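Peer 1:
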Amino acid sequence: MAENGPIEELAKIVSSKIFERFKWKISGPCDQDFFCIDEENHKPPEKKQAHTHPVDVVFSYKDPYLNKTILLNTDLKSYAKGSINTDMIEAALSSLSNTIACARYSQDWREKYNICVGDSEVRGLLFIYNHDNDFENNFYDFFDPPKPIGGKRKPKSVKLDNINISEGQQIHIIEPKSISYMLSIISDMNELIRDNQFPREEYGFYYPQLTYHKVIVTDDYLPATIESLTAPFLIVKHDAVYSYDRDKQKEIETYPAGYIVYYNRPGSSDMEFYYLFDILTNYQILNGKNNIRIRIATKDRNDSIRSHFSRALQKYAFDWNYDESAKQKLLSMELHLVPSVKEFYSTEATSWNY
């Protein structure tokens, strides 16, 4: 425990930094176990004492489409590059699956963690932080490895059949690349706040009214759902920004209300952005009036991304026969490349907390 404690603590530090900005909350106590209610299937044969399941932390947020609180029973993992492998992933998912199977029906778990009022849903979240920041592979290749060149056998893959996921049960994964993307967004938001170009609190995440999915909550500032955080883009709707002017002795507007679109794709072609503009139009965001900022938060970006973006703007204005005023408004849309962020912590320094 003394060896693993500080390293495990790194995942807790990073996850807490991430999810507060996305308007998630911590529900109940951290680092607690609860009693297994299905020992026949979950308890190891050699174990004598009562079997329990671990809970590192439970994050919660209100889903605007479901109008229920999502409770994410989270397993926080912190590994070096060489320790992130097929066996580790399969074992972690199998353990988390058993945990969620019990958590959904456990009175013990419900009393500790389900402190919300109204409907709720328990899901699992596997959070895998790479503490040496050397993991550059496609994490999902562990599930479907590409065939090696030269006729060699495919590497071992995660066998989903070995993971006992019950009907209606969901497990989400946040892996190193997604963590880097989220950290980049948070760093960018914090920088915009310092520059008086983004509000500290008066913002939320945007969800359109879709044909089969309707927003059925009335909150002004909605949280980011786990689905939106792993989507190709994340839309933030924010109020105007105000700053106190000492000379005038009143608050003045420093930045207008609008939208930020954090983009999580490489921008490899103009049609990629053309499609994004089409979606924003269908969402009634791109309407010639709203202030919109496009910010590329992925580190996997095409070298010609700015050219592709500019060409897409010109094509979109031409294809939809924009008049000169509407065209100039469209062409003024900001594109910003967000610096990629990695978190470095000293395990020795962290160990002083133990």
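Residue 456 is where the sequence shown ends in the working numbering, and the numbering goes up by one at each step. Note that beta-carbon positions come from the ideal geometry of N, C-alpha and C, so glycine has one too. Since the model is a prediction, treat every value here as computed from it, not as a measurement.
1) By the 10 Å Cβ neighbour count, where 16 or more other Cβ atoms means buried, how is Thr467 classified, buried or exposed?
2) Can you find the residues in the same chain that come closer than 6 angstroms, C-beta to C-beta, to Asp347, ignoring five residues on each side of it along the sequence?
3) Report the option in Ser208, Lys258, Asp322 and Phe244 whose CA atom is closest to the CA atom of Phe136.
4) Please name the residue, chosen from Arg296, Asp297, Phe300 and Leu336, that lies closest to Tyr309 on a Cα-to-Cα basis.
5) Got a sec? Which residues, its chain only, sit under 6 angstroms from Asn455 by beta carbon, not counting five neighbours each side?
6) Quick one: which unbroken beta strand (DSSP E) runs of 3-plus residues sit fully inside the segment 188 to 237? Chain order, please.
7) Please report the distance separating the alpha-carbon of Ser222 from that of Tyr163.
8) So for Arg296, helix, strand or coil by DSSP?
9) Alpha carbon to alpha carbon, how far is Met373 from Asn423? Give it in angstroms, no decimals.
10) Any idea what DSSP makes of Gly184, helix, strand or coil?
11) Can you tell me where the alpha helix (DSSP H) holding Lys150 begins and where it ends?
12) Where are the beta strand (DSSP E) runs, 3 residues long or more, that stay fully inside the segment 319 to 360, in chain order?
13) Can you check which of these residues, Ser197, Gly390 and Leu324, is closest to His153 by C-alpha distance?
14) Using a 10 Å radius around the Cβ and a threshold of 16 neighbouring Cβ atoms, would you call Glu329 buried or exposed?
15) With C-beta atoms as the reference, is Thr176 less than 8 angstroms away from Phe244?
16) Alpha carbon to alpha carbon, how far is Val155 from Arg413?
17) Report the option in Val224, Ser345 and Ile186 whose CA atom is closest to the CA atom of Tyr357.
18) Going by C-alpha distance, which of Arg255, Asp349, Asn389 and Arg397 is nearest Ser431?
19) Is the beta carbon of Ala182 sitting closer than 8 angstroms to the one on Ile287?
20) Does the segment 312 to 327 come close enough to the segment 122 to 140 to have 3 or more Cβ pairs within less than 8 angstroms?
21) For Ala451, name the three-state secondary structure that DSSP assigns.
22) Closest by CA to Thr332, which one among Glu277, Val260, Asn266 and Tyr314?
23) How many angstroms separate the CA atom of Glu293 from the CA atom of Ile387?
24) By alpha-carbon positions, which one of Asp402, Ser371, Val224 and Ile217 ends up nearest to Thr201?
25) What are the boundary residues of the alpha helix (DSSP H) that Thr154 is part of?
Peer 2: According to the structure data:
1) Within the shown structure, residues of the chain are numbered from 103 to 456, placing residue 467 beyond reach of any answer.
2) Residue mapping note: residue 347 aligns to position 245 of the sequence shown, counting from 1. Ile354, listed in sequence order.
3) The sequence position of residue 136 within the sequence shown is 34, counting from 1. Per the Cα distances, Ser208.
4) Position 207 of the sequence shown holds residue 309. Shortest Cα-Cα distance from Tyr309 to any of Arg296, Asp297, Phe300 and Leu336 involves Leu336.
5) Within the sequence shown, the letter at position 353 stands for residue 455. Confidence at Asn455 is low in this model, with a pLDDT of 47, below 50, so the placement of that residue should be treated as unreliable; the coordinate-derived value is given next. Result list for Asn455: empty, nothing under 6 angstroms.
6) Fully enclosed beta strand (DSSP E) runs of 3 or longer: 222 to 232.
7) For this step, residue 222 is matched to residue 120 along the sequence shown. For this step, residue 163 is matched to residue 61 along the sequence shown. Going by the C-alpha atoms only, they are around 10 angstroms apart.
8) The residue you call residue 296 lines up with position 194 of the sequence shown. In the three-state reduction of the DSSP assignment, Arg296 falls in the helix class.
9) Here residue 423 refers to the residue found at position 321 of the sequence shown. Here residue 373 refers to the residue found at position 271 of the sequence shown. Going by C-alpha positions, Asn423 is about 18 angstroms away from Met373.
10) Counted from its first residue, the sequence shown places residue 184 at position 82. In the structure shown, Gly184 sits in a helix (DSSP, three-state: H, G or I).
11) As a first step, residue 150 must be located in the sequence shown, where it is residue number 48. In this chain, Lys150 is not harboured by any alpha helix (DSSP H), its DSSP state being neither H nor E.
12) Runs of the beta strand (DSSP E) inside the segment 319 to 360: 335 to 340, 343 to 347 and 352 to 357.
13) Within the sequence shown, residue 153 is the residue found at index 51, counting from 1. Selection Ser197, Gly390 and Leu324 evaluated against His153 yields Ser197 as nearest (Cα-Cα).
14) Indexing the sequence shown from 1 puts residue 329 at position 227. By the Cβ-count criterion, Glu329 is exposed, with fewer than 16 other Cβ atoms from all chains shown falling within 10 Å of its own Cβ.
15) The sequence position of residue 176 within the sequence shown is 74, counting from 1. The sequence position of residue 244 within the sequence shown is 142, counting from 1. Thr176 places its beta carbon 8 angstroms or farther from that of Phe244.
16) Here residue 155 refers to the residue found at position 53 when the sequence shown is read from its first residue. Here residue 413 refers to the residue found at position 311 when the sequence shown is read from its first residue. This sequence places His at residue 155; Val is not what is there. Our two residues, His155 and Arg413, have alpha carbons roughly 54 angstroms apart in a direct line.
17) Position 255 of the sequence shown, counting from 1, holds the residue named residue 357. Tyr357 has its Cα closest to that of Ser345, out of Val224, Ser345 and Ile186.
18) Counted from its first residue, the sequence shown places residue 431 at position 329. Reading off the sequence shown, one finds Lys at residue 431, where the question assumed Ser. For the residues Arg255, Asp349, Asn389 and Arg397, the minimum Cα distance to Lys431 belongs to Asn389.
19) Taking the sequence shown and counting its residues from 1, one reaches residue 182 at position 80. Taking the sequence shown and counting its residues from 1, one reaches residue 287 at position 185. No, they are not a contact pair.
20) The segment 122 to 140 and the segment 312 to 327 touch, with three or more beta-carbon pairs separated by less than 8 angstroms.
21) Residue mapping note: residue 451 aligns to position 349 of the sequence shown, counting from 1. In this prediction, Ala451 has a pLDDT of 41, which is less than 50 and means its spatial position is unreliable; nothing more can be read from the coordinates.
22) In the sequence shown, counting from the first residue as 1, residue 332 sits at position 230. Restricting attention to Glu277, Val260, Asn266 and Tyr314, the CA atom closest to the CA of Thr332 is found in Glu277.
23) Within the sequence shown, the letter at position 191 stands for residue 293. Within the sequence shown, the letter at position 285 stands for residue 387. Cα to Cα, the separation comes out at about 24 angstroms.
24) The count along the sequence shown starts at 1 and reaches residue 201 at position 99. In this structure, Val224 is the residue among Asp402, Ser371, Val224 and Ile217 with its C-alpha nearest to the C-alpha of Thr201.
25) The residue you call residue 154 lines up with position 52 of the sequence shown. Per DSSP, Thr154 lies in no alpha helix (DSSP H) segment; the continuous beta strand (DSSP E) that holds it begins and ends at Thr154 to Val157.
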